[in-house]
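FYI, the UniProt record's numbering numbers position 78 of the sequence shown as 78, with every residue one higher than the one before it.
Where a beta carbon is used, it is the ideal one built from N, C-alpha and C, also for glycine.
These numbers come from a predicted model, not from an experiment.
Written below as structure tokens is the structure these notes are about.
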Amino acid sequence: MGEMGEMGSVYEQYYTGGCTKTEEEEAASSEEDSGSFHGSGVCKWFNVRMGFGFLSMTHREGICLDSPVDVFVHQSKLHMEGFRSLKEGEAVEFTFKRSSKGLESLQVTGPGGAPCVGSEKKPKGTQKRRSKGDRCFNCGGPNHHAKECQLPPQPKKCHFCQSISHMVANCPIKAQQLSPGSQGKSTTSTGEEEDMSHTPLLPESTD
Numbered sequence: 001m002g003e004m005g006e007m008g009s010v011y012e013q014y015y016t017g018g019c020t021k022t023e024e025e026e027a028a029s030s031e032e033d034s035g036s037f038h039g040s041g042v043c044k045w046f047n048v049r050m051g052f053g054f055l056s057m058t059h060r061e062g063i064c065l066d067s068p069v070d071v072f073v074h075q076s077k078l079h080m081e082g083f084r085s086l087k088e089g090e091a092v093e094f095t096f097k098r099s100s101k102g103l104e105s106l107q108v109t110g111p112g113g114a115p116c117v118g119s120e121k122k123p124k125g126t127q128k129r130r131s132k133g134d135r136c137f138n139c140g141g142p143n144h145h146a147k148e149c150q151l152p153p154q155p156k157k158c159h160f161c162q163s164i165s166h167m168v169a170n171c172p173i174k175a176q177q178l179s180p181g182s183q184g185k186s187t188t189s190t191g192e193e194e195d196m197s198h199t200p201l202l203p204e205s206t207d
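Right under this line is the structure:
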């Protein structure tokens with residue numbers, strides 16, 4: 001709780017200007033909105049629940065810095081699909097600007113403009129979004145979609161019984177289970193056949 005409170009206060013201070021500025025930050029603020037710059041480095045830390053963190057910039061405009069400089073990063077600036085986050089120590093390239101609150105990233109990518117890798121950690125809420133009924137239309141396996149399937153494209157088959165001879169719309173097994181009176185009908189027809197087999201034969205006419 002102490003660490004989370006500290007992170008929250010960092011975020012609040014960053015956006016409210018609560019941090020005490022150093023001489024370097026004062027000089028940087030005088031050049032506020034003078035343009036964007038390019039930097040590279042690694043993720044210093046990132047809070048996946050709060051959606052923000054700091055980058056440790058080691059190069060600016062291709063020139064190695066004497067000491068790393070912190071650059072604020074928000075999840076909305078990350079170039080990646082799905083849940084956006086950064087992994088601690090992940091290599092990044094980014095554009096940033098000077099603001100009254102310090103250095104702030106504008107866009108963050110992986111090396112060479114590739115998508116960011118992201119953290120393996122995710123808030124508990126995002127892990128429960130996927131329903132238990134999700135099924136892959138490629139392999140028929142549960143808990144993932146076809147675009148996430150690790151198997152090569154599979155032949156089309158029924159997703160209910162996994163047979164390749166028909167599709168799910170024509171599945172006889174599914175139709176039988178969905179029809180509540182199917183078993184009763186078969187029993188009735190069988191009973192009618194039995195009644196007919198036990199019907200006594202009429203005596204032949206002697207005429």
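Exercise. Compare the Cα-Cα distances from P123 to each of H38, F46, P142 and report the closest residue.
Key: Of the listed residues, the one whose Cα sits closest to P123 is F46.
Exercise. Report all residues from its chain with a CB closer than 8 Å to the CB of D70; omit the five preceding and five following residues, and keep chain order.
Key: Setting aside the 5 residues that flank it on each side, D70 is surrounded in the same chain by K44, F54, L55, S56, M57, G102, L103, each with a C-beta closer than 8 Å to its C-beta; the list follows chain order.
Quiz item: Just how far apart, CA to CA, sit Q177 and H144?
Solution: Distance between Q177 and H144, taken at the CA atoms: about 25 Å.
Quiz item: Hey, quick one: how far does the alpha helix (DSSP H) through K174 stretch, first residue to last?
Solution: Counting along the chain, the alpha helix (DSSP H) containing K174 begins and ends at 172 to 178.
Quiz item: With C-beta atoms as the reference, is C149 less than 7 Å away from C136?
Solution: Using a Cβ distance threshold of 7 Å, C149 and C136 count as a contacting pair.
Quiz item: For L65, which of V48, E88, V108, G39 has the nearest alpha-carbon?
Solution: Distances from the CA of L65 to each of V48, E88, V108, G39 were compared; the closest alpha carbon is that of G39.
Practice problem: Report all residues from its chain with a CB closer than 7 Å to the CB of K121; omit the five preceding and five following residues, and keep chain order. | Solution: V48
Quiz item: Could you give the distance in angstroms between the alpha-carbon of E88 and the alpha-carbon of V117?
Solution: The alpha-carbon separation between E88 and V117 amounts to approximately 10 Å.
Exercise. Identify whether Q107 lies in helix, strand or coil by the three-state DSSP scheme.
Key: In this structure, Q107 counts as strand in the three-state DSSP scheme.
Quiz item: How long is the line joining the alpha carbons of R84 and P172, rounded to whole angstroms?
Solution: 44 Å
Self-check item: Cβ neighbours of K77 in the same chain (closer than 7 Å, five flanking residues each side left out)
Solution: Around K77, the same chain offers S105, L106, Q107, V108 as residues with beta carbons nearer than 7 Å, after the five sequence neighbours per side are excluded.
Exercise. Report the rounded CA-to-CA distance for G51 versus S67, giving the unit in angstroms.
Key: 26 Å
Quiz item: Cβ atoms of F96 and F37: under 7 Å apart, would you say?
Solution: yes
Quiz item: G112 by DSSP, collapsed to three states: which one?
Solution: In the structure shown, G112 sits in a helix (DSSP, three-state: H, G or I).
Quiz prompt | Distance between P142 and P155 (C-alpha atoms, nearest Å) | solution = 17 Å
Self-check item: Bounding residues of the beta strand (DSSP E) (the contiguous stretch that carries T57)
Solution: In the sequence as presented, Thr is not what sits at residue 57; that position holds Met. Looking at the DSSP string, the run of the beta strand (DSSP E) that includes M57 is 52 to 60.
Quiz item: Just to confirm, are C161 and L151 a CB contact at a threshold of 7 Å?
Solution: no
Quiz prompt | Cβ pair M80, P115 closer than 7 Å | solution = Contact: yes.
Exercise. Output yes or no for whether 7 Å exceeds the beta carbon distance between A91 and V42.
Key: Yes.
Quiz item: Do you know how far the Cα of H74 is from the Cα of S119?
Solution: 14 Å
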